[in-house]
Amino acid sequence: MATIEATAIADAQQRRRRRRLAPGRIAAWVVMIAFLALTIVPFLWMIRTALSTTRSLPSDPSSLLPVDFTWGAFERVLGLSSQEKAIAEGGSGASVNFWLYLRNSFIYATAVTLGQVFFCAMAAYAFARLRWPGRNLVFGIFLGALLVPPIFTSLPNFILIKNLGLLNSFVGMVLPSFLMTPFAVFFLRQFFLGINHEIEESAALDGAGPWRTFFRIILPMSVAPLTTLGILTFITTWNDYFWPLLVGNSEQTKVLTVALGVFKSQTPAGSPDWAGLMAATLVTALPVLILFFAFARRIIDSIGYSGSK
Amino acid sequence: MRGPVVSTNTAAPVARGSRRSRASTSRNSGGRSELRIALFFIAPALLGFLAFYLFPTLRGFYFSMTQYNLLGTPKWIGFDNFAKLGKDTLFWNALWVTLEYVVLNIGFQTVIAILLAVLMQRLTQSTLLRGALLLPWLISNVIAALLWFWLLDYQIGLANQFLEWIGMSKIAFFADEAWAIPTMAFVNVWRHMGYTALLVFAGMQTIPKYVYEAASIDGSSEWSSFWRITLPLIRPVLAMILVITVTGSFQVFDTVAVTTRGGPVNVTRVIQYYIYQKAFGEGQFGYGSAISVVLFAILAVLAALQLRLLRAGESDLA
């Protein structure tokens, strides 16, 4: 009786509150939409500029539509445009090895992702499913690596890669994050801990060793977290700038972010080739955006669970 | 839970058996046999940890005590680099502008993230909206920096067109000494606000509904529910977010490297950019390492302080 009354009162209060808060709700939506606009409009402006002719941009800088519409900027970036045409449209005329940088970014991000996910899965399996003395201690020490800022290890790692003669090679770029990152081990261990013991035990009764258990049971059961980690790792690595700048600055290993970074300084004293620059950033962001649209829900749901990536 | 010690005793006869039978009862044989397997499984990660985390950490301290121009061999000079740091006005300047950047970046980012998280919780659970807010976080720092370099261009950038349109004077966002650091902070707030909001939002989902219902029955307004319930209960989450974002913010580099390169004058020569310039631009690798030791120390102290002040370990929910 008392509970029913309480719920009734609460319901009534809630109804009253909702009515009273209607203006508040509108204000809240206004704020939310303002932030959404701040997030989205720059991307729209990026597309608008990339489809404009650089030379015509100053004539109508606030036009919402592309100024003097052309695919020229994309043609310039992708190397499909002749030098005369590029210069006429406001490009620098210097050739950009976009396809090479795109290839390099793919090699770098893919190699890091495959290595890191696989080797961290192995380690996470040992930390979550096997019993051995010192397990928690070693895991704690691994996690301790999270406390060291990347810049601090980057300098000595540069020397190590240099001494190994691996500067300006993919091996040198990939190596430091190929075998482990504390985050990846932590992330996968959390999932492996949740797997039911009975499944493993019945596999052991059937004569499956740890290796087979890992490959035939643990990995197939963890496709979802492995994919999530893989996507997050790929995106982070694709966006890397500092490390590839240090060890992969030659033409043959330069990744897109590093190539974009020099774009600005390459432009002559005059006004930069804005349309070309925006087209280049768009194409650079595209693979990540495609990944995101394909796996949006998974990525969004993983945030908060994972916490730190 | 079966402890490994207990199972070693009971399974001893089995462990002495054939290879096959030992494998088939590995769950019971415990200790010894699983250690060897475990070592095999963590070997690659352990190698990565030793070679690229532990070794460079120790080596970083060593390099900070040397004079090293990347060509010869490092020469041990003790604490000379640190003594020199004390008198290096550019270093103190770098520290100062970085601090200014971090305060602006984290201050705005955290407040906006909490605001967005509360709005999300009240208005909609839409995945589409969350996805849209996450977009800037997906693109690299380099792209975000270049995009805003264009949007904030003095001559024909969108922002200045807008300022003129509402009757204000133009601002040279990246070139004006007073505006350069706030602009850097803004670009990074823009890139991270949606992502941080999702982290806060996830933290808020752990607060049970009945707490709010009870408060509402007691006549608590939305405003006071936020201050009395939401904020105190997400404190542990907030502490973790702060530690991570502050640590990241101190290491700002990409945005500066592709836009102002430390200028105008020295106002955006942030600490990591200064390290980069010293170690790789001017061949003073030991000196650069010494600065990175200072940065490491600052971050360690800050992390400890934040966790302690925000009592991250304990939740008021318990």
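So the protein lines, in turn, are chains E and F.
Note that our numbering gives residue 33 to position 33 of the first sequence, counting from 1, and the numbers run on in steps of one.
Residues are numbered in our numbering as their position in the second sequence, beginning at 1, plus a constant of 1000.
No residue lacks a Cβ here, since even glycine has one placed at the ideal position from N, Cα and C.
{"Asked": "Residues of its chain near residue 1226 of chain F, where Cβ-Cβ distance is below 7 Å and the 5 sequence neighbours each way are ignored", "Found": "1118"}
{"Asked": "Beta-carbon gap between residue 1284 of chain F and residue 151 of chain E smaller than 8 Å", "Found": "no"}
{"Asked": "Limits of the alpha helix (DSSP H) - the one that residue 190 of chain E falls within", "Found": "182 to 193"}
{"Asked": "Sequence ranges, beta strand (DSSP E) only - wholly within the segment 1098 to 1178 of chain F, length at least 3", "Found": "none"}
{"Asked": "Pick from E:194, E:76 and E:184 that is closest to residue 114 of chain E, judged by C-alpha positions", "Found": "E:184"}
{"Asked": "Contiguous alpha helix (DSSP H) assignments of at least 4 residues, all confined to the segment 1201 to 1282 of chain F", "Found": "1209 to 1217, 1222 to 1225, 1235 to 1250, 1254 to 1258 and 1271 to 1276"}
{"Asked": "Contact under 8 Å by Cβ, residue 200 of chain E with residue 129 of chain E", "Found": "yes"}
{"Asked": "Inter-residue Cα distance where the pair is residue 25 of chain E and residue 1123 of chain F", "Found": "8 Å"}
{"Asked": "Pick from E:58, E:294, E:223 and E:142 that is closest to residue 186 of chain E, judged by C-alpha positions", "Found": "E:142"}
{"Asked": "Assigned secondary structure, residue 29 of chain E (DSSP; H/G/I helix, E/B strand, else coil)", "Found": "helix"}
{"Asked": "Segment limits, alpha helix (DSSP H) that includes residue 114 of chain E", "Found": "98 to 129"}
{"Asked": "Same chain, Cβ closer than 7 Å to residue 289 of chain E, neighbours up to 5 away in sequence not counted", "Found": "none"}
{"Asked": "Within 9 Å of chain F by C-beta, residues of the segment 216 to 243 of chain E in sequence order", "Found": "235, 238, 239, 240, 241 and 242"}
{"Asked": "Residue 1153 of chain F burial status per 10 Å Cβ neighbour count (16 or more: buried)", "Found": "buried"}
{"Asked": "Alpha-carbon spacing of residue 75 of chain E relative to residue 179 of chain E, whole angstroms", "Found": "39 Å"}
{"Asked": "Coil, strand or helix - residue 1067 of chain F by DSSP", "Found": "strand"}
{"Asked": "N-terminal and C-terminal residue of the alpha helix (DSSP H) that residue 1079 of chain F is part of", "Found": "Counting along the chain, residue 1079 of chain F falls outside any alpha helix (DSSP H), and DSSP gives it neither H nor E."}
{"Asked": "CB of residue 1148 of chain F within 8 Å of CB of residue 1187 of chain F, strictly", "Found": "yes"}
{"Asked": "Nearest-angstrom Cα separation, counted from residue 1222 of chain F out to residue 23 of chain E", "Found": "14 Å"}
{"Asked": "Within 7 Å of chain E by C-beta, residues of the segment 1230 to 1254 of chain F in sequence order", "Found": "1240, 1244, 1247, 1251, 1253 and 1254"}
{"Asked": "Contact under 8 Å by Cβ, residue 68 of chain E with residue 49 of chain E", "Found": "no"}
{"Asked": "Chain F contacts from the segment 284 to 306 of chain E (Cβ-Cβ distance under 9 Å)", "Found": "284, 285, 288, 289, 291, 292, 293, 296, 297, 299, 300, 301, 303, 304 and 305"}
{"Asked": "Limits of the alpha helix (DSSP H) - the one that residue 201 of chain E falls within", "Found": "197 to 205"}
{"Asked": "Interface flag, residue 151 of chain E vs chain F, CB-CB below 8 Å", "Found": "yes"}
{"Asked": "Extent of the continuous alpha helix (DSSP H) to which residue 243 of chain E belongs", "Found": "242 to 247"}
{"Asked": "Chain F contact residues for residue 40 of chain E, given Cβ-Cβ distances below 9 Å", "Found": "1132 and 1135"}
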